[in-house]
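Working notes for the structure below.
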């Protein structure tokens, strides 16, 4: 964004004009959310830099609206930078004078709206002194609605790190999104993220993309009145082993709930009754099994025949790491001619055949969590820099990679997509199996691996958010995610 500011300024748009646009855009967002401002008590906290200048513009707009805000500039007047100083002088010309305070002072009244224009995206390290005290004070104002300008004060815009930061109800981010709003502690502090454009061409966007509801809704296929089940794809789910039949069930249920027309679940014959009893909408394929209850090497020919039927293969949930099962997985994938979603135990099998998979022209998506990705790239200590790790792994396989977590990230070799939905309650057994099923169901309906990756992750997280509101994050289980998938889709259709 600093680079984009420079480009606009070199193109003839002054820094003062950009600041004026930013303040106006934030004010309009506040007005659209709050509505009637007449009985509100407004506190605007401004810093020394551009964020503080934005805050002064917001103060001007409140004055024009007939509302007198309280404006506290945290610092000395002589420390204020040039563009922000311009708007302080404009306020003075209108007879309005902010309060300058280096230390924490108590506002004149208990605010109902707090505008946080204190610190910008360049924040790093631990807050100290009055900065720290102001953040604590704002976070104690539970009855006030807090709007952060661009990013909550105290949050690092690059990686989302924060010793502490303002807990915003809304963050109005200017221009393009900031990764720190989603990474690390970003989601904890940012509240609802609202983006405003103040003149930056949309095609200036870089290689990171923030997925919004409209991005997902635009991908969901329409259902003509004369359509039938074969129009929405056939998915073969290869999953499950003795003691892990639930993983196969969750993936298959999610696949159907995400819109797939037909689903077959191929699993060891001794646990096939689980699918036949709990999910009559799916078909089962009884496979030969090992003594340990996992898929035997004798199942390979059956699976090759089943792949002729399928449009998409989802493989891995609850599969087990039995050597015979791993060998079947490797053989099936090395010769696969259909799109595939690879997860869980199948990721372990993939590690030794990456060069074989790289040669395939088929659309694959692999869905590791951070520990699995670290093993796939042979990270010595098990830790990874997420973007570096995604790039390293992609270079080995040239297939779409989805890194599960908060947020989920999808990488296609050029772009990294971030999904904003989801909550800590989804850190529960089976959640990843559900995501596998959603992605496979979407791919069966014609989405590419990248599209199904970010749309599936968005819906997965939204279903989790709906479930958490109903049952609390602590009470969330993977089955709730499947149950709430239709509600997530309805929510999208109504919101956009």
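Numbering (my numbering), first residue to last: 628 to 1123.
Quick reminder that beta carbons are idealized off the backbone N, C-alpha and C, glycines included.
- DSSP lists 865, 912 as the bridge partner or partners of residue 893.
- Listed in chain order, the non-local C-beta contacts of residue 698 below 6 Å within the same chain comprise 671, 686, 725, local neighbours out to five positions each way being set aside.
- In the three-state reduction of the DSSP assignment, residue 963 falls in the coil class, being assigned neither a helical nor a strand state.
- Taking residue 631 as the centre and dropping the five residues before and after it, the same chain places the C-beta of 802, 827, 831 closer than 7 Å to its C-beta, in chain order.
- Comparing C-alpha distances from residue 986 to each of 894, 910, 1021 shows the shortest one belongs to 1021.
- As a beta-bridge residue in DSSP terms, residue 837 pairs with 1045.
- Between residue 838 and residue 807, the CB-CB gap reaches or exceeds 8 Å.
- Linking residue 870 to residue 931 through their CA atoms gives a straight-line distance of about 25 Å.
- As DSSP reads the structure, residue 1036 sits in a beta bridge with 1030, 1045.
- Taking a contact to require three or more Cβ pairs closer than 8 Å, the stretch 1075 to 1095 and the stretch 1041 to 1059 qualify as touching.
- Taking one beta carbon from each stretch, the stretch 956 to 963 and the stretch 845 to 853 have fewer than 3 pairs nearer than 8 Å; the two do not touch.
- Per DSSP, residue 827 lies in no beta strand (DSSP E) and is assigned neither H nor E.
- For the pair residue 805 and residue 737, the CB atoms are not nearer than the 8 Å cut-off.
- For residue 1095, the enclosing alpha helix (DSSP H) begins and ends at 1076 to 1098.
- Taking 8 Å as the upper bound for CB-CB distance, residue 846 and residue 879 are not in contact here, some 22 Å apart.
- In the structure shown, residue 1022 falls within a helical segment according to DSSP collapsed to helix, strand and coil.
- A straight line joining the alpha-carbon of residue 840 with that of residue 911 spans about 34 Å.
- With a threshold of 16 other beta carbon atoms within 10 Å, residue 695 falls short and is exposed.
- Residue state for residue 973 is assigned as helix, using DSSP reduced to three classes.
- Closest by C-alpha distance to residue 651, out of 681, 963, 743, 629, is 681.
- The residues 646, 710, 711, 747, in chain order, have a CB closer than 7 Å to that of residue 677 in the same chain once the five nearest residues on each side in sequence are set aside.
- For residue 1078, the number of other beta carbons within 10 angstroms of its own is at least 16, and it is reported as buried.
- The shortest C-alpha to C-alpha distance from residue 887 to any of 1044, 1024, 1065 is the one to 1065.
- Taking a C-beta distance under 8 Å as the contact criterion, residue 1115 and residue 862 do not qualify as a contact pair.
- The DSSP assignment places complete alpha helix (DSSP H) segments of no fewer than 4 residues inside the stretch 686 to 721 at 709 to 720, in order along the chain.
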